[in-house]
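Per our numbering, residue 25 is the first one in the sequence shown, and the count goes up by one each step.
For glycine and all other residues, C-beta sits at the position ideal for the given N, C-alpha and C.
All of these numbers come straight from a predicted model, not from anything done at the bench.
Beneath this line is the structure, given in structure tokens, with notes to follow.
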Amino acid sequence: MQECELIQVKNLSKTFTVPGGFTQRSYIEAVKDVTFSLQPGETVAIIGESASGKSTVGKIILGLVKPSSGEVIYRGQPIHSLKGNGMRAYRKAVQAVFQDPHSSLNPKMRIEDIIIEPLRNFGYRGDCRRRLSYLLEVVGLSGEFAARFPHQCSGGQKQRVAIARALAAEPEAIVLDEPLSALDMTIQTQIIALLKSLQAEHGISYLLITHDLRAVKAMADRVVVMYKGRVVEKAGKEEFFRCPAHPHSRALLEAIPVIGGLQQCKVII
Ligand SMILES: Nc1ncnc2c1ncn2[C@@H]1O[C@H](COP(=O)(O)OP(=O)(O)O)[C@@H](O)[C@H]1O
Ligand SMILES: [Mg+2]
């Protein structure tokens with residue numbers, strides 16, 4: 025049913041034109057005919073090897089890259105048709121947390137300003153200082169972090185700041201593009217727990233772009249597998265780990281011994 029879909033991605037394609045030599049140029053078909061949806065409160069993981077088009081899909085959803093064809097539909101409305109307040113509402117509703125918190129946080133801004141900025145941008149009417157304290161607390165940082173600069177925080181703390189900044193907009197969905205890759209294992213586990221508890225409390229949807237199958241196992245409801253720009257498999261998480269249908273999905277799972285124990289199942293040819 026259309027009403028219950030928060031975001032629908034329909035037949036999305038993106039071809040990048042890369043300037044070559046004197047008169048040459050080449051084309052990269054980064055995303056080809058990608059279709060899937062994200063429901064309120066669920067986590068869809070997009071997985072696939074490097075350069076399979078995952079981040080480009082995320083950037084198109086965030087409005088950072090324009091698709092060559094196809095569309096992103098937010099609550100029944102194509103985002104390219106949104107203007108003014110509609111576009112502002114969409115930008116507020118869909119936030120992002122990227123892989124490298126170091127480059128995604130402005131090094132010249134204090135943590136408090138990084139978190140208060142979206143409150144101002146989206147016209148928060150309450151008390152910004154109180155909201156700042158609340159957001160720091162929610163992501164597990166003490167009040168003393170407010171006055172720090174990003175370089176005075178560890179990688180995990182910076183990723184918590186990036187999450188607080190995303191939450192400041194009270195989003196309906198967050199695109200998480202490799203949010204754990206820059207962090208060590210213990211911190212990854214803590215951030216996964218934080219993201220899950222925020223989802224349980226606020227009903228946020230996540231689009232989890234990752235090649236980390238441990239995170240997929242811990243967080244996802246559904247899995248979309250991309251290979252060379254195309255979706256090659258869509259499955260519920262349990263089904264995906266129990267019996268991946270596409271040879272490329274099997275290859276992804278078999279490459280990660282920690283997941284291990286692929287059960288015997290029919291290979292669909
Ligand atoms: N701005 C860009 N200009 C040209 N090529 C790009 C651009 N962004 C991504 N690509 C290319 O598109 C393909 C898919 O990239 P990406 O979506 O980043 O994949 P993934 O996130 O799965 O690693 C890659 O071949 C990449 O080099
Ligand atoms: Mg990527």
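Proximity to ligand 1 was defined by a C-beta distance below 5 Å to any of its heavy atoms, and the residues meeting it, in sequence along the chain, are 40, 52, 54, 74, 75, 76, 77, 78, 79, 80. Considering only 194, 95, 90, the residue with the shortest C-alpha distance to residue 229 is 194. CA-to-CA, the gap between residue 215 and residue 127 works out to about 18 Å. Under the three-state reduction of DSSP, residue 149 is assigned to coil, being neither helix nor strand. For residue 109, the enclosing alpha helix (DSSP H) starts and ends at 108-117. When secondary structure is reduced to three states using DSSP, residue 53 falls in the strand class. Measuring C-alpha to C-alpha distances from residue 245 to each of 62, 55, 133, 95 identifies 62 as the nearest. The beta-carbon separation of residue 199 and residue 69, rounded to 12 Å, does not stay under the 8 Å limit for a contact.
By the criterion of at least three beta-carbon pairs nearer than 8 Å, the region 179-190 is in contact with the region 203-217.
Relative to the non-hydrogen atoms of ligand 2, the Cβ of residue 236 never comes closer than 7 Å to any of them.
Counting of Cβ neighbours within 10 angstroms places residue 83 among the buried residues, the total reaching 16 or more.
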